[in-house]
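Engineer:
Residue numbers (UniProt numbering): 1 to 815.
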């Protein structure tokens, strides 16, 4: 091969790597290398790899290959998140079983991953739709159930009318299904939940372990958990024996509570509405049921509500306040009811003005009366019209009123979280069956461990079509079983688990994928975990990461893990867009990854992905050039091919100038890769390539030891982003072993010392000369050299007005 031929290189080295399996992590007890676990968020097999895959797996591979070069024993596994709706919908359309579409796509992606030269340990490959994997989903469900962390209850849930299944709160984005975009409605159903709220505070507290996570990601997690401090206040309801608990973050404003609001869809509203007001209430409730939570909470929506015919008693002053049902309070916030303080909450004020309810100012903020202006004053100030709280600040008043409430048995300090329990039931087929049997005599009975997995029945085509209940309900032979406790007739639960259950612990299974005594071998996880580097999209900032952190904490409490946080460092990649817009078929701006590889080669595509910008930035394919990347790789290939000295030659006698360039490059690229600045690292490799090219063409020539040192350094560094080119270059440099494990070069400190620095001399802001000076030159000496320059003199008329010296790199002369 005399010319650079990307396709020929791929054919040659792909076959060798298939034979060698070079990236298998070592389990040898005698291997004393430090272990590192590099993990990419695993893909869903919806088709062949796309441009987004091309970016994220190129980024992850830079890290994995860098660690291998640094001498670590690296675990870099691959698997597929293979349950889910797309496969089921495809099966309905094709009159097939979801497994047929799923596993065909997995094989397509696996072939493409190998072609893309990602350094995976293929021996640990897993698919979450394999019974030997989802068996452990069911085993873990049973352990959660035993600990009171898995439970079933009725209530209002998010329902996607298109996918015909419930959604967790986290899967509703702006009132729509995050998968299909359909508008979500609320529906009354009995469903299974994981009690993630038991871990809300720990999920917050343990963020102090996550200094390797982007701050933006941590902020998103904190906001979703949504911790707030306030008080639970007991309100007596006329005609009801039990008081109603209201959570508020501003108990200091209790004296300003002039009415009481209950969520229209809360059970409390239905319970306390009087017969006289029931018809209006039920009509209103039916209207509100058509609205999404986003619409209900919109500040722009006109306030609506109905009086329930009842009054509550304000616990601090004994005043009777009317109880209304309204849409702007949600049944799952706090306790589904609020005390309304219209002077200091805009939504309450809007409601009060709409229905002519009183407005009582209790915090003097220096602003105009909200009752007159229509603008609430929610800020801090001095308490007024509040009895014993008058004259106190907000903080003082909160402490005082909580003390009073606790003394009277009418309330107490409380913490509330925005986070709600994880709704995990799904009314679809292609997922893990929930391992519960419903017995009319014994109730809920977990399937015994020795009967796991509960495998899916053979259903396909139209039998899988969504019907508002799970398709499994129609598989009567599968549903009807004997109760494991009493032996009587019983039925299996027909819901399947949210696929986020699969991805909440898959990274632990990679440590021992063939383990049969549990979901993972605790000893192997102890050796590999937690994950040193996780790479994936910011779109998983709440869903997947929050659930994985929850699972890890539960498993730690079960004694199965030594750590409480699964991912030490996170790296989020941007999107690959085209022409400033997300790629889509409707816009006609899609780019096919396979076609790009066919045209330019794997290495050029990978290099383009990495060189386009920082990992977290979007890549606009219209602004980059894989053709230019291919040209650079051809130049690098020729440089490595033209070295004429033999391997093992001593570099010490080589050209000093080139050696300094090489070692400065080593030093900079090492720091850049460590700090995720991969694009700048590639720029330094390009500069080194130019320096070697010049050394070969102009001198000291291809036989100089410094040329070999530079070319070998280039091959090792280039292996992170262009493995085919680097591997071929390494072989042409005379080496037998693979470049992936050649060892990362180390910069010689003596060669990093600068003998001289280029100082720019400006006159009136324009560059007039460049001086080579000592790095330690004084300001006075540098000023003298600049003023004595023959190139500067013609631009000076006598003494300059000002000379600004920034030794050793700049002199700016103002004539």
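Beta carbons: idealized from backbone N, C-alpha and C, even for Gly. The model shown is predicted, which means the values in this text are computed figures rather than measured ones.
Where DSSP assigns a beta bridge to residue 491, which residues make up the other side?
Structural biologist: For the purposes of this step, residue 491 is taken as the residue at position 491 of the chain shown. BP columns for residue 491 point to 438, 480.
Engineer: On the CB-based measure, 16 or more other CB atoms within 10 Å of its CB, does residue 89 come out buried or exposed?
Structural biologist: As a working note, residue 89 is residue 89 in the chain shown. Buried, since its Cβ has 16 or more Cβ neighbours within 10 Å.
Engineer: Output the boundary residues of the beta strand (DSSP E) element that contains residue 322.
Structural biologist: Here residue 322 refers to the residue found at position 322 of the chain shown. Taken as a continuous stretch (DSSP letters only), the beta strand (DSSP E) holding residue 322 covers 320-326.
Engineer: By Cβ distance below 7 Å, which residues in the same chain neighbour residue 778 in space, the five residues on each side in sequence not counted?
Structural biologist: Position 778 of the chain shown, counted from the first residue, corresponds to residue 778. Answer for residue 778: 807, listed in chain order.
Engineer: Please state whether the Cβ-Cβ distance between residue 689 and residue 635 is less than 8 Å.
Structural biologist: On the chain shown, position 689 is the one that residue 689 refers to. On the chain shown, position 635 is the one that residue 635 refers to. Cβ atoms of residue 689 and residue 635: closer than 8 Å.
Engineer: On a CA-only basis, which of 456, 277, 814, 345 is nearest residue 264? Give me that one, please.
Structural biologist: In the chain shown, counting from the first residue as 1, residue 264 sits at position 264. When each option's Cα is compared against that of residue 264, the closest is 277.
Engineer: Measuring CB to CB, does residue 340 end up less than 8 Å from residue 429?
Structural biologist: Taking the chain shown and counting its residues from 1, one reaches residue 340 at position 340. Taking the chain shown and counting its residues from 1, one reaches residue 429 at position 429. Not in contact: residue 340 and residue 429 (Cβ atoms no closer than 8 Å).
Engineer: Measuring CB atoms only, is the segment 217-230 touching the segment 347-365, in the sense that at least three cross pairs come out at less than 8 Å?
Structural biologist: Because the criterion of three Cβ pairs below 8 Å is not met, the segment 217-230 and the segment 347-365 do not touch.
Engineer: Report the CB separation of residue 763 from residue 810 in whole angstroms; it is logged as a contact under 8 Å.
Structural biologist: Counting from 1 along the chain shown, the entry for residue 763 is found at position 763. Counting from 1 along the chain shown, the entry for residue 810 is found at position 810. Incorrect: roughly 12 Å between the Cβ atoms, too far for contact.
Engineer: Between which two residues does the alpha helix (DSSP H) carrying residue 404 extend?
Structural biologist: Within the chain shown, residue 404 is the residue found at index 404, counting from 1. Element bounds for residue 404: 394-408.
Engineer: Closer than 8 Å by C-beta to residue 153: which residues in its own chain qualify, once you throw out the five before and the five after it? Chain order, please.
Structural biologist: Locating residue 153 in the chain shown gives position 153, counting from the first residue. Within the same chain, residue 153 has close Cβ partners 190, 191, 193.
Engineer: To the nearest angstrom, report how far apart residue 292 and residue 168 are at their CA atoms.
Structural biologist: As a first step, residue 292 must be located in the chain shown, where it is residue number 292. As a first step, residue 168 must be located in the chain shown, where it is residue number 168. The straight-line gap from Cα to Cα measures roughly 14 Å.
Engineer: Tell me where the beta strand (DSSP E) around residue 813 begins and ends.
Structural biologist: For the purposes of this step, residue 813 is identified with residue 813 of the chain shown, where counting begins at 1. Residues 810-814.
Engineer: Do you know offhand how far residue 439's Cα is from residue 494's?
Structural biologist: For this step, residue 439 is matched to residue 439 along the chain shown. For this step, residue 494 is matched to residue 494 along the chain shown. Rounded to whole angstroms, residue 439 to residue 494 spans 14 Å at the Cα level.
Engineer: Work out the CA separation of residue 420 and residue 373 for me, nearest whole Å.
Structural biologist: Counted from its first residue, the chain shown places residue 373 at position 373. Counted from its first residue, the chain shown places residue 420 at position 420. C-alpha separation (whole angstroms): 37 Å.
Engineer: Just the Cα atoms here: how many angstroms apart are residue 780 and residue 753?
Structural biologist: Here residue 780 is taken as the residue at index 780 of the chain shown, counted from 1. Here residue 753 is taken as the residue at index 753 of the chain shown, counted from 1. Residue 780 and residue 753: Cα-Cα distance of roughly 23 Å.
Engineer: So does the segment 630-648 actually touch the segment 731-740, counting three or more Cβ pairs closer than 8 Å?
Structural biologist: Yes, the segment 630-648 is in contact with the segment 731-740.
Engineer: Cα separation between residue 743 and residue 713?
Structural biologist: Reading the chain shown from its first residue, position 743 is the one you call residue 743. Reading the chain shown from its first residue, position 713 is the one you call residue 713. Near 10 Å, if we compare the C-alpha coordinates of residue 713 and residue 743.
Engineer: DSSP three-state label for residue 446, please.
Structural biologist: Your numbering for residue 446 matches position 446 in the chain shown. Looking at residue 446 - three-state DSSP - the assignment turns out to be strand.
Engineer: From this set, 530, 652, 704, which residue's C-alpha is nearest residue 38's C-alpha?
Structural biologist: In the chain shown, counting from the first residue as 1, residue 38 sits at position 38. That would be 530, whose Cα lies nearest to the Cα of residue 38.
Engineer: Going by DSSP, what residues sit across from residue 573 in a beta bridge?
Structural biologist: Within the chain shown, residue 573 is the residue found at index 573, counting from 1. Per DSSP, 537.
Engineer: Output the distance between the C-alpha atoms of residue 322 and residue 310, rounded to the nearest integer angstrom.
Structural biologist: Start at 1 with the first residue of the chain shown, and residue 322 comes out as number 322. Start at 1 with the first residue of the chain shown, and residue 310 comes out as number 310. Each residue's alpha carbon lies about 6 Å from the other.
Engineer: Just to check my reading of the structure: residue 204 and residue 227 have Cβ atoms closer than 8 Å, yes? What is that Cβ distance to the nearest angstrom?
Structural biologist: Here residue 204 is taken as the residue at index 204 of the chain shown, counted from 1. Here residue 227 is taken as the residue at index 227 of the chain shown, counted from 1. Contact holds; Cβ gap of about 6 Å.
Engineer: Short of 6 Å in beta carbon distance, which residues of its chain neighbour residue 622, apart from the five on each side in sequence? Order them along the chain.
Structural biologist: Mapped onto the chain shown, residue 622 falls at position 622. So the qualifying residues of the chain are 578, 579.
Engineer: Which runs of the beta strand (DSSP E) at least 3 residues long sit entirely within the segment 1-44? Give them in chain order.
Structural biologist: Segments of the beta strand (DSSP E) lying fully in the segment 1-44: 35-40.
Engineer: In the structure shown, what three-state DSSP assignment does residue 164 receive?
Structural biologist: The count along the chain shown starts at 1 and reaches residue 164 at position 164. Coil, per DSSP.
Engineer: Can you tell which of 452, 451, 450, 435 has its C-alpha closest to the C-alpha of residue 444?
Structural biologist: Position 444 of the chain shown, counting from 1, holds the residue named residue 444. Here the closest residue by C-alpha is 435.
Engineer: Helix, strand or coil, according to DSSP, for residue 419 in the structure here?
Structural biologist: For the purposes of this step, residue 419 is taken as the residue at position 419 of the chain shown. In this structure, residue 419 counts as coil in the three-state DSSP scheme.
Engineer: Can you say whether residue 797 is buried or exposed, counting buried as having 16 or more other CB atoms within 10 angstroms of its CB?
Structural biologist: Sequence index remark: in the chain shown, residue 797 carries index 797 (1-based). So residue 797 counts as exposed.
Engineer: Helix, strand or coil: how does DSSP classify residue 86 here?
Structural biologist: Sequence index remark: in the chain shown, residue 86 carries index 86 (1-based). Helix, per DSSP.
Engineer: With residue 187 and residue 157 assumed to form a contact (beta carbons below 8 Å), what rounded beta-carbon distance in angstroms separates them?
Structural biologist: Sequence index remark: in the chain shown, residue 187 carries index 187 (1-based). Sequence index remark: in the chain shown, residue 157 carries index 157 (1-based). Rounded, the Cβ-Cβ distance is 6 Å, consistent with contact.
Engineer: What would DSSP say about residue 80, mapped onto helix, strand or coil?
Structural biologist: On the chain shown, residue 80 is found 80 positions in, with the first residue counted as 1. The answer is strand: DSSP assigns residue 80 an E or B state.
Engineer: Hey, would you say residue 127 sits closer than 8 Å to residue 79, going by beta carbons?
Structural biologist: Residue 127 sits at position 127 when you count from the first residue of the chain shown. Residue 79 sits at position 79 when you count from the first residue of the chain shown. Cβ distance < 8 Å, so residue 127 and residue 79 count as in contact.
Engineer: Can you tell me which of 700, 609, 630 puts its alpha carbon nearest to the alpha carbon of residue 599?
Structural biologist: Translated into positions along the chain shown, residue 599 becomes position 599. Of the candidates 700, 609, 630, the one whose C-alpha sits nearest the C-alpha of residue 599 is 630.
Engineer: Report yes if the C-beta distance between residue 720 and residue 66 is below 8 Å; otherwise report no.
Structural biologist: In the chain shown, residue 720 corresponds to position 720, counting from 1. In the chain shown, residue 66 corresponds to position 66, counting from 1. Result yes, Cβ atoms of residue 720 and residue 66 sit closer than 8 Å.
Engineer: According to DSSP, is residue 451 part of a helix, a strand, or is it coil?
Structural biologist: Mapped onto the chain shown, residue 451 falls at position 451. Three-state DSSP puts residue 451 in a helix.
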